[in-house]
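Worksheet: the structure to be examined is printed underneath.
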Amino acid sequence: MAAELTLGPNLFHWPAEMKLDFYNRIADESPVSTVYLGEVICSKRTPFFDDHHLDKVADRLEKAGKKVVFCSFSEVVIKRERNLLRDWAEQEGRDLEVNNTAALLYLKNKPHRIGALLNVYNEDTMAYLHEQGANHFALLPELPRAAVAKLGEKAAELGVGLEVQVFGRASLALSARCYHARAHARTKDNCQFVCGEDLDGMTLKTMDEKPFLTVNGIQTLSYGYLDLMPDIDDLKSIGVTHYRVMPHTCDMIAVTRLFDDVLQGRMAPAEGDAKLRELGIEAPFVNGFYHGRSGHTWSDRAAAELA
Amino acid sequence: MIKPELICPAGTPAALRSAVDAGADAVYCGYQNATNARNFVGLNFTPEEMEKSIKYAHDGGTKVLITLNTFPPAGNVQLWKDAADLSAKLGADACIVADIAVAAYIQKTNPQMRIHLSVQAAASSPEAIRYYVQEFGVKRIVLPRIMTVSEIRGLVEEIPCEVETFIFGNHGLMVEGRCSLTNYVTGQSTNMDGACSPASCVKYERAEDGSMSTILGDYMIDRFKPDETAGYPTICKGRYKCDARDDGYYAFEEPISLNASTMLPDLINAGVHAFKIEGRQRSRAYVKKVVAAFREAVDSIMAGQEPKLADLVALTEGQKHTEGALKTKKWR
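Just so you know, the protein sequences line up as chains F and D, in that order.
Per this note's numbering, the first sequence runs over residues 1 to 307.
Per this note's numbering, the second sequence runs over residues 308 to 639.
Pasting the structure below:
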């Protein structure tokens with residue numbers, strides 16, 4: 001399987017116009033082969049974009065030669081979410097990525113993908129889900145190299161795709177409570193979509209003013225941006241087939257072009273990584289999870305050497 | 308009306324005996340390794356201790372549920388399989404499981420073993436629960452601490468297995484089993500290693516002005532004024548700053564304990580099969596007191612009498628307590 005670059009789901013609540021422009025530019029200018037669409041974090045957000053623009057955007061991306069995958073919610077609790085999930089699972093002829101176990105009930109023995117918010121930690125779980133129709137696995141960001149390598153062996157044996165997030169803030173936690181609403185002394189029910197004010201999420205700083213975490217509604221992400229560009233050759237060697245960059249407000253055309261250049265061997269990883277650092281991203285880059293260290297850290301040594 | 312079982316924490320053999328003696332219907336406990344989500348130094352059971360403890364519990368008419376409630380990382384699944392086999396051999400009454408591979412293994416190799424789905428599996432809808440029941444023959448679901456009583460009532464009616472709810476102890480707002488905050492800060496994973504804000508990474512630092520900072524790894528989780536009592540630096544209970552606030556605030560949740568004692572009659576009416584008390588990291592004296600109080604409460608309610616629960620407030624974290632999600636969904 002040739003290495004492919006993908007664009008993960010947009011986790012943030014951007015204005016509909018901004019999202020439209022974003023995906024139109026991705027269609028026209030980005031080298032990604034696959035684009036993941038659909039609201040993953042909050043069911044209250046769906047009327048703004050998914051209900052009105054999703055099909056149009058998918059169509060546009062497909063015409064530009066991209067494969068489009070539709071993602072499920074990550075948290076499914078209330079009736080409305082359950083109904084939306086059922087409708088989502090019943091779509092015919094579309095590639096679906098599951099981020100909540102509830103969807104597995106509907107998709108048993110139908111082809112589907114497993115998303116990076118579903119807990120697949122080991123080769124046995126991968127094999128079990130594969131037997132029920134899962135044909136592509138996006139891994140949790142917290143997995144260390146040793147585990148990714150084992151999953152790589154199993155993925156190759158089963159003939160399934162294996163995807164790893166190589167760029168963007170890492171999802172660290174989900175909650176039933178909306179922390180965006182809480183920060184503004186509101187509740188989820190009267191949030192007034194305040195999460196829309198923070199296009200890359202809301203920074204939480206420690207009491208001594210050190211940026212720490214990022215709040216995105218019910219989701220908590222890292223403050224640092226994952227960057228596994230220097231590890232791409234290593235990831236290829238252990239069976240990773242797909243490389244996921246996550247949407248942020250930085251120049252995503254530039255980001256995806258750099259990653260594609262490195263992935264396809266047109267640019268040395270060190271050169272690509274230096275250029276990535278010139279894009280003006282304020283937060284530090286981190287790679288600790290993959291390197292088997294604290295997630296917020298950066299290590300210059302290749303993970304393969306550390307393992 | 309079903310009389311709910313009282314499911315009690317046992318971090319050590321001594322705590323297990325206290326819980327059994329205080330009237331626990333079942334205790335839950337785990338081995339001294341990453342297979343359980345309270346993998347703390349000084350806690351948990353050797354195989355020999357487990358064998359003796361199961362005998363002690365069974366002699367007292369108490370069931371033993373074994374926590375295999377973490378997620379084996381690839382390449383290391385055998386440790387969890389061995390723990391499952393050992394539990395079956397020792398005659399445990401159920402295994403509390405979070406990972407699909409572990410559940411599938413138990414179902415295949417020890418089909419007579421009851422599987423309880425851990426809260427770490429984060430099954431928060433009837434569909435998710437039905438999936439686990441259908442696939443692995445799960446007999447009981449431990450519900451995430453995010454549902455109101457009326458939601459629980461609706462759920463009980465919709466799902467084909469027993470329901471267990473937390474009634475007392477730690478109150479966190481992150482979906483359990485879907486949190487890697489600790490790994491981000493310390494390099495130890497809650498899901499893979501059973502670590503949550505581990506003590507080995509904690510520091511307390513007093514400044515010249517008398518304020519106390521609590522630190523986990525490289526991050527300050529809270530800073531307490533000289534007249535405040537410093538709490539343990541659990542990431543989701545810390546105070547942080549953001550642009551929307553003038554000062555530090557509890558961005559996720561206050562250091563507060565769950566105490567659903569006033570909700571017990573409603574939960575019984577909703578059809579809950581088992582009440583879980585959190586606290587395997589707590590002392591045997593604590594376990595004894597809490598178990599005895601809830602034993603009295605459940606028995607009183609079932610006998611149509613008023614329960615006495617005032618003493619429990621003194622045992623809650625920072626003496627502050629909450630009904631958690633049970634009463635209303637406004638906390639969301």
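Positions of the beta carbon are idealized from the N, C-alpha and C atoms, including for glycine.
Values in this document were obtained by computation on a predicted structure and should not be read as measured data.
Nearest-angstrom Cα separation, counted from residue j out to residue i
i: K595(D); j: Y121(F); result: 37 Å
i: I584(D); j: D573(D); result: 17 Å
i: G272(F); j: C503(D); result: 36 Å
i: C191(F); j: C42(F); result: 12 Å
i: A304(F); j: G292(F); result: 11 Å
i: L96(F); j: A430(D); result: 20 Å
i: G224(F); j: T297(F); result: 9 Å
i: S496(D); j: A391(D); result: 21 Å
i: C543(D); j: R266(F); result: 43 Å
i: V245(F); j: L258(F); result: 11 Å
i: I407(D); j: Q385(D); result: 14 Å
i: V35(F); j: H136(F); result: 14 Å
i: L424(D); j: W387(D); result: 15 Å
i: E312(D); j: N376(D); result: 20 Å
i: M570(D); j: A577(D); result: 11 Å
i: K370(D); j: P141(F); result: 38 Å
i: L462(D); j: P451(D); result: 12 Å
i: K532(D); j: M519(D); result: 7 Å
i: A399(D); j: T635(D); result: 37 Å
i: R345(D); j: K637(D); result: 30 Å
i: E613(D); j: M527(D); result: 45 Å
Under 7 Å by beta carbon: chain D residues contacting residue i
i: K188(F); result: R639
i: H184(F); result: A551
i: K44(F); result: Within 7 Å Cβ-Cβ: nothing; K44(F) doesn't reach chain D, min ~11 Å.
i: K150(F); result: A381, G382
i: E142(F); result: S487, N490, S496
Beta-carbon proximity list for residue i, same chain, < 6 Å, skipping 5 on both sides
i: G538(D); result: P562
i: I453(D); result: A632
i: N490(D); result: S496
i: C315(D); result: A326, A331, V334, I584, V598
i: V445(D); result: I422, L424, Y439, C468
8 Å Cβ cut-off: residues of chain F touching residue i
i: K548(D); result: L204, K205, T206, M207, E209
i: D406(D); result: N119, Y121, N122, T125
i: D529(D); result: M207
i: G555(D); result: M207
Per-residue contacts from residue i into chain D (C-beta, under 8 Å)
i: F212(F); result: Y526, Y547
i: L105(F); result: E434, A435, R437, Y438, Q441
i: R82(F); result: S432, P433, E434
i: E75(F); result: S431, V482
i: V215(F); result: C549, A558
Same chain, Cβ closer than 8 Å to residue i, five either side skipped, listed in chain order
i: L326(F); result: There is simply no residue 326(F) to check, as chain F begins at 1 and stops at 307 in what is shown.
i: G152(F); result: L162, I238, G239, V240
i: D234(F); result: R145, A302, A303, A304
i: S348(F); result: This structure cannot settle anything about residue 348(F), because the visible part of chain F is limited to 1 through 307.
i: R485(D); result: A429
Closer than 9 Å at the beta carbon, the chain D residues around residue i
i: N100(F); result: A429, S431, S432, E434, A435
i: K63(F); result: None at all; the shortest Cβ gap to chain D is about 34 Å.
i: Y23(F); result: What Y23(F) touches in chain D: nothing, since even the nearest Cβ is about 28 Å away.
i: A147(F); result: P380, A381, G382, N383, M499
Per-residue contacts from residue i into chain F (C-beta, under 9 Å)
i: L480(D); result: S175, A176, R177, Y179
Partners in chain F for residue i, counting only beta-carbon separations shorter than 7 Å
i: G484(D); result: N119
Chain-order list of residues whose beta-carbon lies under 7 Å from that of residue i (same chain, five-residue window excluded)
i: L523(D); result: V492, T493, S504, C508, V509, P540, I542
i: I281(F); result: Y225, C250
Item to check | Members of the region 488 to 503 of chain D near chain F, C-beta cut-off 8 Å | outcome: L488, N490, Y491, V492, T493, G494, S496, N498, M499
Item to check | Runs of alpha helix (DSSP H) wholly within the region 451 to 482 of chain D (minimum 4 residues, chain order) | outcome: For secondary structure counted as the alpha helix (DSSP H) over 4 or more consecutive residues, the region 451 to 482 of chain D holds these complete runs in sequence order: 456 to 465.
Next on the checklist: Please give me, in chain order, every unbroken run of the beta strand (DSSP E) with length at least 3 that falls completely inside the region 210 to 278 of chain F.
Outcome noted: 211 to 216, 219 to 227, 242 to 245
Checklist entry - Can you give, in chain order, each stretch of the beta strand (DSSP E) that sits fully within the region 336 to 392 of chain D and has at least 3 residues? => result 370 to 375
Checklist entry - Can you list, in chain order, the stretches of the alpha helix (DSSP H) that have 4 or more residues and sit fully within the region 544 to 587 of chain D? => result 571 to 576
Item to check | Segments of 4+ residues assigned as alpha helix (DSSP H) that fall wholly inside the region 108 to 189 of chain F | outcome: Annotation note: the region 108 to 189 of chain F contains the following uninterrupted alpha helix (DSSP H) runs of length 4 or greater, listed N- to C-terminal: 123 to 131, 145 to 158, 179 to 183.
Next on the checklist: At a CB distance below 9 Å, what residues from the region 276 to 289 of chain F approach chain D? Give them in sequence order.
Outcome noted: V286, G288, F289
Item to check | chain D contacts from the region 220 to 246 of chain F (Cβ-Cβ distance under 8 Å) | outcome: T220, S222
Item to check | Short-range partners of chain F found in the region 376 to 396 of chain D, where Cβ spacing is below 7 Å | outcome: F378, P379, P380, A381, G382, V384
Item to check | Contact residues within the region 289 to 304 of chain F, judged by C-beta distance below 9 Å to chain D | outcome: Look at the region 289 to 304 of chain F: the residues with a C-beta under 9 Å from a C-beta of chain D are F289, G292, R293, S294, G295, H296, T297.
Item to check | Ordered list of beta strand (DSSP E) runs contained in the region 39 to 105 of chain F, each at least 3 residues | outcome: 67 to 71, 95 to 98
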